[in-house]
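K.L.:
Take a look at this one; I'll ask things after.
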Amino acid sequence: MSHSAPDPSHEDGSPYDDALLGSDASHWAFGTDFEDPLAGVDTTLPDGVDARTLATYCLMLADDALVASHRLSEWCSRAPDLEEDIALANVALDLLGQARLLLARAAAADASVVPALPDGSPVPPEDALAFFREAHDFRNVRLGEVPNGDFGHTIARLLLFSTARLALLERLTASRDHVLAAVAAKGVKETTYHRDYAGRWFLTLAQGTDESRRRVEAGLAEVWPLYGELLRTHPVEAEVAAAGVGVDPATVADEVDVVLEQVFSVSGVQRPGVPPLAGVTGRYGRDGLHTEALSRLLAEMQVVARAHPMGQW
Amino acid sequence: MSEREWPLYEVFVRGKRGLNHVHVGSLHAADDDMAVRHARDVYTRRNEGVSIWVVRSDAITASSPDEKDPLFAPSGDKVYRHPTFYTIPDDVPHM
Chain P
0 MSHSAPDPSH EDGSPYDDAL LGSDASHWAF GTDFEDPLAG VDTTLPDGVD ARTLATYCLM
60 LADDALVASH RLSEWCSRAP DLEEDIALAN VALDLLGQAR LLLARAAAAD ASVVPALPDG
120 SPVPPEDALA FFREAHDFRN VRLGEVPNGD FGHTIARLLL FSTARLALLE RLTASRDHVL
180 AAVAAKGVKE TTYHRDYAGR WFLTLAQGTD ESRRRVEAGL AEVWPLYGEL LRTHPVEAEV
240 AAAGVGVDPA TVADEVDVVL EQVFSVSGVQ RPGVPPLAGV TGRYGRDGLH TEALSRLLAE
300 MQVVARAHPM GQW
Chain L
0 MSEREWPLYE VFVRGKRGLN HVHVGSLHAA DDDMAVRHAR DVYTRRNEGV SIWVVRSDAI
60 TASSPDEKDP LFAPSGDKVY RHPTFYTIPD DVPHM
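Line order of the protein sequences matches chains P and L. Anchor point for the first sequence: position 122 equals 121 in numbering that gives the first Met the number 0, and the numbering is continuous, going up by one each time. Anchor point for the second sequence: position 89 equals 88 in numbering that gives the first Met the number 0, and the numbering is continuous, going up by one each time.
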C-alpha cells in the first residue's frame, strides 16, 4: 500500500493518513503473508516428544481457541452496543489467530492428524483441520462450546476461559518447542487483554443494577460446572509437560483460582456451589467427548468449506 | 433498550511516529476507563496507535459557526504572516 499520492479529498487529514500509519508496512501486525502461517519459524520437532502426542496437544490448545472464537463471533451485530460488538469481535479474532497457528503446528508436527481431502485440493492443512474434522475429533474443553446466553453469560465464560488460558500460555512461553513458545508469547499479550476485558465487565455488571447483577451471577452459575474440566490433566498434557514442551493445566489451577477469587471478592459475588459436570464414562472434551452443542456449532462453521473441498479462499 | 445513553467521548490517538494526538472519532462509554478500553477496541485495531486520550464531548468548548467571520476571516488577507518571504539558505536543515 503506497501513501505517496495523498487523496486531495482528504486534505484536512484523515486519521489514517501518514500521521498515524506512515508508510511502514509493519503496522500489519503479523506481516502481510497470508500463505504460510509458520513461514520463517523453526518447525523441527524437539527431541524426546512423540510427533502424534505433540500434534494432539496442539489440537487441544487450538480447538479451545477456535470454538471459543466461534461462540464470540456469534455476537457480531448482536452485542449490547457497537463498542462491545467490536470488542467481542476483536477477542474472537485474536483467538482465531491463535487457533490458526496452533492448527498449522499440529499439521506440521504430524500430518496424519489432517483429514484427507480430494487430490489437488488447495485447502491448507490448518483449514482442513478446522473445517473437515468431526465433533469427536475436536479436543476442546466443553466450556467453550456450550451455547451463548446473554452478555452476562458470555462475560462469565470469557473470565473463566481467559484466566485459565493466560496462566497456561505464560508457562508455555518456556516450551522447548519453538513454535509453541512463539505462539504463547504472542497469545499472552492478547489473552491478558481478554482477561482484563472480562474482569472489568464482570465487576461492572456485578456492581451495576440489580438486573445486571442477577444476569452475571446466573451466567456464572451456568458455566461454573464446566470450570473444573479446564484445569483437569489429560494424559497427553501430562506427557508433553513431562517432556518440557507443554503445560499440565493442574499446575496452574491454584494461581487461576487466586485470580478468580480476587475478581469475585471485589465484585461481591459468591463462588457458585454447583458441582462440576461429570464426564461420560471418564471421558471429557479433551478426549473428544462433547455436548450436542458442538455438533451444531460445527455444522454452521463448516458447512460452506465442506461444500467446496476444492475451493480456493 | 437502554433508557439513558452512555455519555459521548472524543478519542485522540497518537501514532507510532506521530508527535501529537490526532482526533479520530467518538464513542459511547459508561466512564473514563471504559472509554479508553473502547477506544482501543474501536480505533486501534489496525495498529494505528501507541497512546490514547479520551475526553467527554461535553467538556469541550467549541467555537460557533456563527462566529466564523469575526474569528477567522480577518486572518485571510494577512499573507505576510506566513514565513514565505525569506529565502532559506541551502545548508539549513529540517526546513
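Glycine included, C-beta positions come from ideal geometry on N, C-alpha and C. Predicted model, so just to flag it, every value in this text is computed and none were measured.
Would you tell me roughly how many angstroms separate the C-alpha atoms of residue 288 (chain P) and residue 145 (chain P), rounded to the nearest one?
P.N.:
As a position in the first sequence, residue 288 (chain P) is number 289, starting the count at 1. As a position in the first sequence, residue 145 (chain P) is number 146, starting the count at 1. Their Cα atoms are separated by approximately 13 angstroms.
K.L.:
What separation, rounded to the nearest whole angstrom, lies between the Cα atoms of residue 298 (chain P) and residue 53 (chain L)?
P.N.:
The residue given as residue 298 (chain P) occupies position 299 in the first sequence. The residue given as residue 53 (chain L) occupies position 54 in the second sequence. Rounded to whole angstroms, residue 298 (chain P) to residue 53 (chain L) spans 42 angstroms at the Cα level.
K.L.:
Applying a beta-carbon distance threshold of less than 8 angstroms, which residues of chain P neighbour residue 31 (chain L)?
P.N.:
Position 32 of the second sequence, counting from 1, holds the residue named residue 31 (chain L). Those do not exist, as residue 31 (chain L) stays about 13 angstroms from chain P at its closest Cβ, beyond 8 angstroms.
K.L.:
On the DSSP letters alone, give me the boundaries of the beta strand (DSSP E) that residue 27 (chain L) sits inside.
P.N.:
Translated into the one-based positions of the second sequence, residue 27 (chain L) becomes position 28. From DSSP, the beta strand (DSSP E) with residue 27 (chain L) extends over 21–27.
K.L.:
With DSSP run on the structure shown, which of helix, strand or coil describes residue 178 (chain P)?
P.N.:
The residue labelled residue 178 (chain P) in the question sits at position 179 within the first sequence. Correct three-state label for residue 178 (chain P): helix.
K.L.:
Using a Cβ cut-off of 9 angstroms (strictly closer), state whether residue 3 (chain L) contacts chain P.
P.N.:
As a first step, residue 3 (chain L) must be located in the second sequence, where it is residue number 4. Judged by the 9 angstroms Cβ criterion, residue 3 (chain L) is not in contact with chain P.
K.L.:
At the level of alpha carbons, what is the spacing between residue 28 (chain P) and residue 95 (chain P)?
P.N.:
On the first sequence, position 29 is the one that residue 28 (chain P) refers to. On the first sequence, position 96 is the one that residue 95 (chain P) refers to. Below a pLDDT of 50, predicted positions are generally treated as unreliable, and residue 28 (chain P), at 42, falls in that range; the measurement from the model is reported next regardless. The alpha-carbon atoms of residue 28 (chain P) and residue 95 (chain P) are separated by roughly 14 angstroms.
K.L.:
Of all the CB atoms in chain P, is at least one closer than 9 angstroms to the CB of residue 75 (chain L)?
P.N.:
Against the second sequence, residue 75 (chain L) aligns to sequence position 76. Closer than 9 angstroms: no.
K.L.:
Specify, as a first and last residue, the run of the beta strand (DSSP E) that residue 95 (chain L) falls within.
P.N.:
Residue 95 (chain L) lies beyond the residue range present for chain L, which begins at 0 and ends at 94; the question has no answer from this structure.
K.L.:
Please work out which residues of its chain come closer than 7 angstroms, Cβ to Cβ, to residue 170 (chain P), disregarding the five sequence neighbours upstream and downstream, and give them in chain order.
P.N.:
Locating residue 170 (chain P) in the first sequence gives position 171, where the first residue counts as 1. 246 and 251, listed in sequence order.
K.L.:
Taking Cβ-Cβ distances below 7 angstroms as the criterion, which residues of the stretch 66–98 of chain P are in contact with chain L?
P.N.:
Result list: 80, 82, 85, 86 and 89.
K.L.:
May I have the straight-line CA-CA distance separating residue 130 (chain P) from residue 300 (chain P), to the nearest angstrom?
P.N.:
Taking the first sequence and counting its residues from 1, the one referred to as residue 130 (chain P) is at position 131. Taking the first sequence and counting its residues from 1, the one referred to as residue 300 (chain P) is at position 301. Straight-line Cα distance between these residues: approximately 7 angstroms.
K.L.:
Rounded to whole angstroms, what is the Cα-Cα separation between residue 44 (chain L) and residue 50 (chain L)?
P.N.:
Residue 44 (chain L) sits at position 45 when you count from the first residue of the second sequence. Residue 50 (chain L) sits at position 51 when you count from the first residue of the second sequence. Computed Cα separation, rounded: 13 angstroms.
K.L.:
Mind checking who residue 50 (chain L) pairs with in its DSSP beta bridge?
P.N.:
Along the second sequence, one-based indexing puts residue 50 (chain L) at 51. BP columns for residue 50 (chain L) point to L:13.
K.L.:
Rounded to whole angstroms, what is the Cα-Cα separation between residue 124 (chain P) and residue 223 (chain P)?
P.N.:
Here the question's residue 124 (chain P) lines up with position 125 in the first sequence. Here the question's residue 223 (chain P) lines up with position 224 in the first sequence. Going from the Cα of residue 124 (chain P) to the Cα of residue 223 (chain P) covers about 34 angstroms.
K.L.:
Taking Cβ positions, are residue 194 (chain P) and residue 165 (chain P) nearer each other than 9 angstroms?
P.N.:
Residue mapping note: residue 194 (chain P) aligns to position 195 of the first sequence, counting from 1. Residue mapping note: residue 165 (chain P) aligns to position 166 of the first sequence, counting from 1. Yes, they are a contact pair.
K.L.:
Do residue 64 (chain P) and residue 105 (chain P) have their beta-carbon atoms positioned less than 9 angstroms apart in this structure?
P.N.:
Translated into positions along the first sequence, residue 105 (chain P) becomes position 106. Translated into positions along the first sequence, residue 64 (chain P) becomes position 65. Not closer than 9 angstroms, so no.
K.L.:
Given this structure, state the Cα-to-Cα distance separating residue 85 (chain L) from residue 93 (chain L), to the nearest angstrom.
P.N.:
The residue given as residue 85 (chain L) occupies position 86 in the second sequence. The residue given as residue 93 (chain L) occupies position 94 in the second sequence. Roughly 15 angstroms between the two C-alpha positions.
K.L.:
Measure from the C-beta of residue 93 (chain L) to each C-beta in chain C and report whether the shortest distance is under 9 angstroms.
P.N.:
The structure shown contains no chain C; its protein chains are P and L.
K.L.:
Who are the near neighbours of residue 69 (chain L) in its chain, counting only those whose CB is closer than 8 angstroms to its CB and skipping five residues on each side?
P.N.:
Counting from 1 along the second sequence, the entry for residue 69 (chain L) is found at position 70. Answer for residue 69 (chain L): no residue qualifies.
K.L.:
Would you give the residue range spanned by the alpha helix (DSSP H) that residue 57 (chain P) belongs to?
P.N.:
On the first sequence, residue 57 (chain P) is found 58 positions in, with the first residue counted as 1. Residues 50–72.
K.L.:
Can you pull the chain P residues whose beta carbon is under 8 angstroms from the beta carbon of residue 70 (chain L), in chain order?
P.N.:
On the second sequence, residue 70 (chain L) is found 71 positions in, with the first residue counted as 1. What residue 70 (chain L) touches in chain P: nothing, since even the nearest Cβ is about 17 angstroms away.
K.L.:
Any idea if residue 110 (chain P) is buried or exposed, counting beta-carbon neighbours within 10 angstroms, 16 or more meaning buried?
P.N.:
For the purposes of this step, residue 110 (chain P) is identified with residue 111 of the first sequence, where counting begins at 1. Classification of residue 110 (chain P): exposed, given that the 10 Å Cβ count is below 16.
K.L.:
When the Cα atoms are used, what is the spatial distance from residue 182 (chain P) to residue 100 (chain P)?
P.N.:
For the purposes of this step, residue 182 (chain P) is taken as the residue at position 183 of the first sequence. For the purposes of this step, residue 100 (chain P) is taken as the residue at position 101 of the first sequence. Distance between the alpha carbons of residue 182 (chain P) and residue 100 (chain P): 7 angstroms.
K.L.:
Run through DSSP, which three-state label would residue 212 (chain P) get?
P.N.:
Position 213 of the first sequence, counted from the start, is the residue given in the question as residue 212 (chain P). Correct three-state label for residue 212 (chain P): helix.
K.L.:
How about residue 40 (chain L): is its C-beta nearer than 9 angstroms to some C-beta of chain P?
P.N.:
Here residue 40 (chain L) refers to the residue found at position 41 when the second sequence is read from its first residue. Chain P contact via Cβ: present.
K.L.:
Report the residue from P:259, P:230 and P:220 whose alpha carbon sits nearest the alpha carbon of residue 273 (chain P).
P.N.:
What you label residue 273 (chain P) is simply residue 274 of the first sequence in a count that begins at 1. Answer by Cα proximity: P:220.
K.L.:
Is it buried or exposed, residue 307 (chain P), if we count other Cβ atoms within 10 angstroms and call 16 or more buried?
P.N.:
The count along the first sequence starts at 1 and reaches residue 307 (chain P) at position 308. When all chains shown are included, residue 307 (chain P) counts as exposed.
K.L.:
Out of curiosity, what's the CA-to-CA distance linking residue 4 (chain L) and residue 27 (chain L)?
P.N.:
Here residue 4 (chain L) is taken as the residue at index 5 of the second sequence, counted from 1. Here residue 27 (chain L) is taken as the residue at index 28 of the second sequence, counted from 1. So the two alpha carbons sit approximately 8 angstroms from each other.
K.L.:
Who does residue 279 (chain P) pair with in a DSSP beta bridge?
P.N.:
Position 280 of the first sequence, counted from the first residue, corresponds to residue 279 (chain P). Answer is P:282, bridged to residue 279 (chain P).
K.L.:
Where does residue 55 (chain L) sit, in a helix, a strand or coil, going by DSSP?
P.N.:
In the second sequence, counting from the first residue as 1, residue 55 (chain L) sits at position 56. Residue 55 (chain L) falls in the strand class under three-state DSSP.
K.L.:
Alpha carbon to alpha carbon, what distance is there between residue 82 (chain L) and residue 67 (chain P)?
P.N.:
As a first step, residue 67 (chain P) is located in the first sequence; it is residue number 68 there, counting from the start. As a first step, residue 82 (chain L) is located in the second sequence; it is residue number 83 there, counting from the start. If you take the alpha carbons of residue 67 (chain P) and residue 82 (chain L), they lie about 59 angstroms apart.
K.L.:
Could you give the first and the last residue of the continuous alpha helix (DSSP H) run that contains residue 110 (chain P)?
P.N.:
Translated into the one-based positions of the first sequence, residue 110 (chain P) becomes position 111. Residue 110 (chain P) -> no alpha helix (DSSP H), and no H or E assigned at all.
K.L.:
Is it buried or exposed for residue 160 (chain L), if we count other Cβ within 10 angstroms and need 16 for buried?
P.N.:
In the structure displayed, chain L extends from 0 to 94; residue 160 (chain L) sits before or after that span and is not available.
K.L.:
Measuring straight from C-alpha to C-alpha, what distance separates residue 284 (chain P) and residue 237 (chain P)?
P.N.:
In the first sequence, residue 284 (chain P) corresponds to position 285, counting from 1. In the first sequence, residue 237 (chain P) corresponds to position 238, counting from 1. Cα to Cα, residue 284 (chain P) sits roughly 16 angstroms from residue 237 (chain P).
K.L.:
Taking Cβ positions only, does residue 61 (chain L) come closer than 9 angstroms to chain P?
P.N.:
Against the second sequence, residue 61 (chain L) aligns to sequence position 62. Chain P, which has no Cβ nearer than 9 angstroms to the Cβ of residue 61 (chain L), makes this no.
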